[in-house]
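Enquirer:
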Amino acid sequence: MPNPSLLILPGDGIGPEVMTEVRKVIDWFGTRRGLAFDVSEDLVGGAAYDAHGTPLTDATMEKAQSVDAVLLGAVGGPKYDALDFSVKPERGLLRLRKEMDLYANLRPAQCFDALADFSSLKKDVVAGLDIMIVRELTSGVYFGEPRGIITEGNERVGINTQRYTESEIARVARSAFELARKRGNKVCSMEKANVMESGVLWREVVQKIGDEEYPDVELSHMYADAGAMQLTRWPKQFDVIVTDNLFGDLLSDLAAMLTGSLGMLPSASLGAPMANGRPKALYEPVHGSAPDIAGQGKANPIACILSFAMALRYSFDRGAEADRLEGAVQSVLADGLRTADLMGPDGGSPVSTSEMGDAIVAALETSLN
Ligand code: NAD
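Residue numbers (the working numbering): 142 to 510.
1) Please report the residue range of the alpha helix (DSSP H) in which Thr302 lies.
2) Who does Ser410 pair with in a DSSP beta bridge?
3) Put Ser181 into one of helix, strand or coil per three-state DSSP.
4) State yes or no: is the C-beta of Ile310 nearer than 7 Å to some heavy atom of the ligand NAD?
5) Using three-state DSSP, classify Val473 as helix, strand or coil.
6) Express the C-alpha separation of Arg324 and Ile382 in angstroms, rounding to a whole number.
7) Less than 8 Å separating the beta-carbons of Val166 and Ile443?
8) Hey, is the region 230–245 in contact with the region 254–272, meaning 3+ C-beta pairs nearer than 8 Å?
9) In whole angstroms, what separates the C-alpha of Met599 from that of Lys204?
10) What's the gap between the Cα of Val538 and the Cα of Asp258?
11) Cβ of Glu425 versus every heavy atom of the ligand NAD: is any distance shorter than 7 Å?
12) In the DSSP assignment, what residue or residues form a beta bridge with Val211?
13) Measuring only the C-alpha atoms, how far is Trp375 from Trp343?
14) Would you check whether the ligand NAD has a heavy atom nearer than 7 Å to the C-beta of Asn441?
15) Which stretch, first to last residue, makes up the alpha helix (DSSP H) that contains Leu270?
16) Please report the Cβ distance between Gly438 and Ser495, rounded to the nearest whole angstrom; I am assuming they are in contact, meaning their Cβ atoms lie under 8 Å.
17) Using a threshold of 8 Å, state whether the C-beta atoms of Val154 and Gly194 are closer than that.
18) Is the CB of Val502 under 8 Å away from at least one CB in chain D?
19) Classify Met451: buried if its beta carbon has 16 or more other beta carbons within 10 angstroms, exposed otherwise.
20) Spell out the partners DSSP gives Val163 in its beta bridges.
21) Can you list, in chain order, the stretches of the alpha helix (DSSP H) that have 4 or more residues and sit fully within the region 430–503?
22) Please determine whether the Cβ atom of Leu514 lies at a distance below 7 Å from any heavy atom of the ligand NAD.
23) Between Ile216 and the ligand NAD, is there a pair consisting of the residue's CB and a ligand heavy atom that are separated by less than 7 Å?
24) Given the structure, does Asp179 come close to the ligand NAD, in the sense that its CB is under 7 Å from one of the ligand's heavy atoms?
25) Taking the Cβ atom as the reference point for each residue, do Tyr305 and Ser339 lie within a distance shorter than 8 Å?
26) Tell me, to the nearest whole angstrom, how far the beta carbon of Leu256 is from that of Leu483; I am working on the premise that it is less than 8 Å.
27) From Arg479 to Asp265, what does the alpha carbon distance come to, in whole angstroms?
28) With three or more C-beta pairs closer than 8 Å as the rule, is the region 413–433 touching the region 146–164?
29) Which residue comes first and which comes last in the alpha helix (DSSP H) that contains His193?
30) Just mark Ile446 as buried or exposed, buried being the case when its beta carbon has 16 or more other beta carbons within 10 Å.
31) With DSSP as the reference, label Thr400 as helix, strand or coil.
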């Protein structure tokens with residue numbers, strides 16, 4: 142069997158800095174766990190624009206389509222702000238998402254015990270929290286037609302259209318059920334079936350897929366506004382939440398912020414299964430290129446390292462090794478190690494990006510004892 146393949150796109154700003162730490166982790170799994178990857182690296186975003194005049198070359202796009210998973214750092218920066226829209230760094234990322242047809246966006250909200258004080262909610266509400274929001278990413282009101290601003294009589298009217306086909310709902314529902322089977326075996330689907338026809342269809346299709354294909358997974362439904370309340374009241378009642386593009390945009394930000402810093406948040410975007418059964422997949426931290434701290438060794442590499450943990454779990458079926466990596470992160474935080482973004486008001490001395498990466502690798506090593 143050939144090694145699984147991984148395309149690494151560090152990108153701009155702190156992207157390459159945090160990716161250097163992920164490479165240490167990947168190398169550790171290769172040498173110490175016999176989990177070797179065929180890793181290739183390429184340019185995306187401003188870095189690709191500087192080298193090739195485009196934020197993503199066709200060759201890189203082709204490579205992304207052919208590997209088992211793509212891991213991206215971050216793109217963008219003030220240097221590129223004046224560029225034409227068509228060649229801005231973010232276009233590289235959008236092209237990847239669009240051409241790989243990544244319709245399921247996975248945003249975990251996981252609270253590491255050592256950081257429970259960082260949340261704006263009470264510690265006992267968030268400590269130990271581990272939920273996953275699955276947001277439909279390629280359809281819904283952000284894409285539906287008709288759209289635009291038209292003039293009716295003597296005033297203007299803004300129009301967007303919420304539109305979902307049965308197959309679009311079914312495929313993201315399947316992603317959520319599959320994930321639930323690898324986690325706590327529970328899915329809660331959120332829509333507004335009380336006021337929107339698209340919500341009625343959403344609920345019917347999710348229920349049908351659940352009944353026919355995933356009877357072993359516990360399924361519930363909730364109106365999205367009630368879901369937002371429940372997420373802040375008692376988020377631990379959820380395991381996997383599946384919802385549409387618009388509600389998912391709001392609910393995933395809400396859920397992510399239950400847990401604290403941007404430097405801690407990973408994400409995955411998954412598409413249809415490839416011939417080998419693995420889904421098309423792009424893993425990336427939620428944060429951007431952080432130009433304000435780029436090049437200073439201050440970036441927190443944990444979001445990107447946890448994105449690789451998601452790749453281990455969802456692309457490579459190595460849930461136990463993903464647990465090991467998340468456990469290593471948990472243990473360095475419990476030991477009190479903090480990058481600058483995780484320092485509380487009491488101060489203390491932060492560790493650098495590479496010190497955090499090294500500590501996580503050391504904790505991985507300790508996990509073998
Ligand atoms: P940002 O996420 O880059 O930074 C917001 C704040 O969080 C900054 O103060 C930054 O220092 C801090 N921060 C972010 N990640 C951190 C980390 N790992 N460790 C420590 N601190 C961290 O968002 P922004 O400032 O709005 O955008 C900067 C650039 O990044 C822009 O060009 C934007 O378009 C781009 N961007 C890219 C992505 C992406 O690549 N997916 C996402 C968001 C923004």
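Idealized CB from N, CA, C, for every residue including glycine.
Expert: Reading off the structure:
1) No alpha helix (DSSP H) holds Thr302; the beta strand (DSSP E) holding it covers Glu296 to Thr302.
2) In the DSSP output, where bridge partners are listed per residue, Ser410 has Asn246 and Leu423.
3) strand
4) no
5) helix
6) When only Cα atoms are considered, Ile382 and Arg324 end up about 12 Å apart.
7) no
8) no
9) A query on residue 599 cannot be resolved here, the shown segment of the chain reaching from 142 to 510 and no further.
10) Only positions 142 to 510 of the chain appear in this structure, which leaves residue 538 out of reach.
11) It does: the Cβ of Glu425 is within 7 Å (strictly closer) of some heavy atom of the ligand NAD.
12) Leu148 and Leu423
13) 25 Å
14) Within the cutoff, so yes.
15) Premise fails: Leu270 is in no alpha helix (DSSP H) and is neither H nor E.
16) 7 Å
17) In the sequence as displayed, the identity of residue 154 is Gly instead of Val. Not closer than 8 Å, so no.
18) Structure shown: chain D not included; a single protein chain is present.
19) buried
20) Beta-bridge pairing links Val163 to no other residue.
21) 443–455 and 460–475
22) The structure shown does not extend to residue 514, since the chain spans only 142 to 510, so no value can be given for it.
23) Checking the displayed sequence, the identity of residue 216 turns out to be Val instead of Ile. Val216 Cβ: within cutoff of the ligand NAD.
24) no
25) yes
26) 7 Å
27) 22 Å
28) Counting Cβ pairs under 8 Å, three or more are found: they touch.
29) Gly187 to His193
30) Around the beta carbon of Ile446, 16 or more other beta carbons lie within 10 angstroms, which makes this residue buried.
31) coil
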